[in-house]
Every structure is written in C-alpha cells, then in structure tokens.
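Using the numbering used here, read the sequence shown as starting at 262 and increasing by one per residue.
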Amino acid sequence: MKIVDFHVHVGKFGLLREDIQGLLNKFPFEKNIDVKEIFSNPSALKSYLQKQGVSQAVILAECGPGTNFSIDSQMIADFAKEDSFFIPFGNINPNYHKDPGAEWEHGHKIGIRGYKFYPADHGFDPFCDSMMAVYDKCEKAAQPIMFHTGLTAQRDTSQRFINPIEYRNLVESHSDLRIIFAHGGKPNWYNEALKMAAEYENVYLDTALVPPEEIIEWLNYRPEIKHKILFASDLPVSGSYSVLLKSLLSAGIDEDVLELILNKNAERILSHDNEHQLVIETEDL
Ligand SMILES: [Zn+2]
Numbered sequence: 262m263k264i265v266d267f268h269v270h271v272g273k274f275g276l277l278r279e280d281i282q283g284l285l286n287k288f289p290f291e292k293n294i295d296v297k298e299i300f301s302n303p304s305a306l307k308s309y310l311q312k313q314g315v316s317q318a319v320i321l322a323e324c325g326p327g328t329n330f331s332i333d334s335q336m337i338a339d340f341a342k343e344d345s346f347f348i349p350f351g352n353i354n355p356n357y358h359k360d361p362g363a364e365w366e367h368g369h370k371i372g373i374r375g376y377k378f379y380p381a382d383h384g385f386d387p388f389c390d391s392m393m394a395v396y397d398k399c400e401k402a403a404q405p406i407m408f409h410t411g412l413t414a415q416r417d418t419s420q421r422f423i424n425p426i427e428y429r430n431l432v433e434s435h436s437d438l439r440i441i442f443a444h445g446g447k448p449n450w451y452n453e454a455l456k457m458a459a460e461y462e463n464v465y466l467d468t469a470l471v472p473p474e475e476i477i478e479w480l481n482y483r484p485e486i487k488h489k490i491l492f493a494s495d496l497p498v499s500g501s502y503s504v505l506l507k508s509l510l511s512a513g514i515d516e517d518v519l520e521l522i523l524n525k526n527a528e529r530i531l532s533h534d535n536e537h538q539l540v541i542e543t544e545d546l
C-alpha cells in the first residue's frame, strides 16, 4: 500500500540544542541506521524511507530555540530541492522573524508548500495580528498549515495553545484554510481534536506519536473522521520506522480506512494545493 508520511523532521544534527540531540538519540533504530545521517542527508533519508515503502514525505522546518534557529524554510527548501519525494513545509516564528509577512513571501518564492507552527515551543500567541496575516496568505495560496498540539517534549516551553479547541475561531474564520492538528492533541486533548475534525470540513489530525490503539479508539468514537486522519511518523523521534509501520499495519484497522490514512487523505490535501498553486501562478498574483 502506498504511504505518504505527513510529519518528518530533518536538519543539521550538529546545530541542534543539546537536549534535542539527546532526544533524537534516545530511540532505537534498525541496525546500521545512523540517525544523524538520515536526519541530515537527503539521499540517505530518501533511501531509508523508500525501503520502508514510503513514496512521499512532508519535511518540516522548525526555527526555534531547540534547533538554535537552524531549521528555517530556506534550509527545508534546499533539502527538498529537485526531488518531488520531499514536500517542503516551512516555519515562521514571530519571536524570531521580525517581519512574518516578508518571511512568508520568501517561502512562497522558494517553493514552500505549507507550514508547521509551534506556538508552545516558540512562546508566541498564535492569534496575534502578524500571524493572522500569515494565515490569510496561506489560505489564499492554498497552503495547508499545521500546529503542534498536545504536550511538547522540548525544554522551557509554555505548554500553551496546545489544545485544538482553542483554534475554533481561526478554523471558523478561515474556512478554506486546511488546518492540521499535529499529534491530535496528545495525550490529554484527543476528544477536543476529534470534535474539531468531525465538526469542521477544513480540520485534519496527524498521527505523529499517537499509538495505533488510540487511532482505533478515534475511529470507533467518530467513524466519520476517517477522511481526516493523516499518517505521520515524527521521524526521527519515532525511532525505528519498520517497528512503527508494523504496529500500525497489524493494529486491525480496515484495509480501506488504512488506505485513506496512509495516502488518500494526504494526496487529497496535497493535490488540491497543486491545482490551486497553478491557478495562482497563471493569474500571476
Ligand atoms: Zn514533530
């Protein structure tokens, strides 16, 4: 079965803050796999993922204190250069980027296809004026956006704006903006995440670090959200990819639902962004 992974972290290992380096080294990988290598080298990562059966991966920028601001949109665009295997998602941090709007324009020029934002880890209010203006631009350009939701493992974070329900006004006021709640609010706010995904057409959840038993609970409780779940590994925090995939594939999820989660839902979001992108380019906006 085709697999699209919606949540993969890459960067330059040596530039990460010490505790984050420790976090990435904590999880066992398959024999002969060097986490530093797959994290930092596009061809090593691509061949590792392809061996696992992955056909495309969304790679995420994270320009915050935990990465010493090293993983910006430019770095992700460079990582994804000339290889459609990688789908580059940028990052804007209003505590770092003095002009979030200009940073968005730059991202648009270099081929950024969507964004992940980290209000808790980066310590900002996601509903501040400068970020609301960024979401407007993402909506117009048909770029999906993700928020980290749920408890975060990074040091010195505020643990604020991590409950998906807090995003209700944004979701309602931007009905064409596809919003993905990464981690589905793990582990305390699953119900709120499910409620949002069930209630709003434009809300999706990713499965990064969500155990397969929990995904089954989601589907039992709200079967209608099967169209809203995106497979996501959170590599390299996931540890061994083969173990992760095996546990998901053997969890007892119906084949047709698994296909939605592993590729169809992601492809729907990503193809929509291509079509829209074309329209924007031909209109020369
Ligand atoms: Zn992540």
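From the three backbone atoms N, C-alpha and C, an ideal C-beta is built for every residue, glycine too.
For residue j and residue i, the rounded distance between their alpha carbons
i      : j      : result
Asp545 : Glu520 : Legend: pLDDT at Asp545 = 44, less than 50; position of this residue unreliable, no value from coordinates given.
Glu478 : Lys401 : 35 angstroms
Asp266 : Leu276 : 24 angstroms
Ser391 : Ala512 : 43 angstroms
Lys273 : Lys456 : 37 angstroms
Ala459 : Arg483 : 7 angstroms
Ile440 : Phe378 : 11 angstroms
His367 : Asp515 : 42 angstroms
Leu412 : Ile406 : 19 angstroms
Gln335 : Lys342 : 10 angstroms
Ser331 : Glu323 : 8 angstroms
Ala318 : Leu496 : 10 angstroms
Ala443 : Phe350 : 13 angstroms
Leu506 : Val464 : 24 angstroms
Val518 : Glu475 : 15 angstroms
Ile371 : Ala338 : 6 angstroms
Met393 : Ile320 : 23 angstroms
Ile530 : Ile426 : 22 angstroms
Leu431 : Leu310 : 34 angstroms
Lys398 : Trp365 : 8 angstroms
Asp333 : Lys292 : 31 angstroms
Lys312 : Ile294 : 12 angstroms
Glu462 : Arg374 : 20 angstroms
Met262 : Ser316 : 10 angstroms
Tyr376 : Phe385 : 16 angstroms
Ile348 : Leu438 : 18 angstroms
Leu480 : Arg429 : 22 angstroms
His369 : Asn329 : 23 angstroms
Asp344 : Ser308 : 12 angstroms
Asn286 : Val471 : 20 angstroms
Phe492 : Thr410 : 16 angstroms
Pro627 : Ser436 : Coverage of the chain is limited to positions 262 through 546, which leaves residue 627 absent and any answer about it impossible.
Ser304 : Leu510 : 26 angstroms
Residue i burial status per 10 Å Cβ neighbour count (16 or more: buried)
i      : result
Ala403 : buried
Tyr396 : buried
Ala363 : exposed
Pro448 : exposed
Glu279 : exposed
Cys389 : exposed
His358 : buried
Pro387 : buried
Asp467 : buried
Pro361 : buried
His533 : exposed
Anticipated Cβ contact below 8 angstroms, residue i with residue j, distance rounded
i      : j      : result
Gln415 : Gly327 : 5 angstroms
His268 : Gly325 : Rounded, the Cβ-Cβ distance is 16 angstroms, inconsistent with contact.
Val498 : Leu284 : 7 angstroms
Ile281 : Gly314 : With 8 angstroms as the limit, Ile281 and Gly314 do not qualify as a contact, their Cβ atoms being about 28 angstroms apart.
Val296 : Phe340 : Contact doesn't hold; Cβ gap of about 16 angstroms is too wide.
Pro380 : Phe346 : The pair is not a contact, with the Cβ atoms about 29 angstroms apart (cut-off 8 angstroms).
Gly445 : Asn424 : Not quite, the Cβ-Cβ distance comes to about 11 angstroms (not below 8 angstroms), so this is no contact.
Pro473 : Ser508 : 5 angstroms
Ala469 : Ser494 : 7 angstroms
Contact with chain C by residue i, beta-carbon distance below 7 angstroms
i      : result
Ser532 : This model lacks chain C altogether; it includes just one protein chain.
*Counting pairs of Cβ atoms below 8 angstroms between the stretch 523-531 and the stretch 486-495, do you hit three or more?*
yes
_I need the residues with a C-beta less than 6 angstroms from some heavy atom of ligand 1; please give them in chain order._
His268, His270, Ala469, Asp495
*Taking three-plus beta-carbon pairs below 8 angstroms as touching, is the stretch 412-420 in contact with the stretch 451-461?*
no
*Take every Cβ of the stretch 294-312, pair it with every Cβ of the stretch 352-362, and state whether three or more of those distances are shorter than 8 angstroms.*
Result no; under three Cβ-Cβ pairs closer than 8 angstroms.
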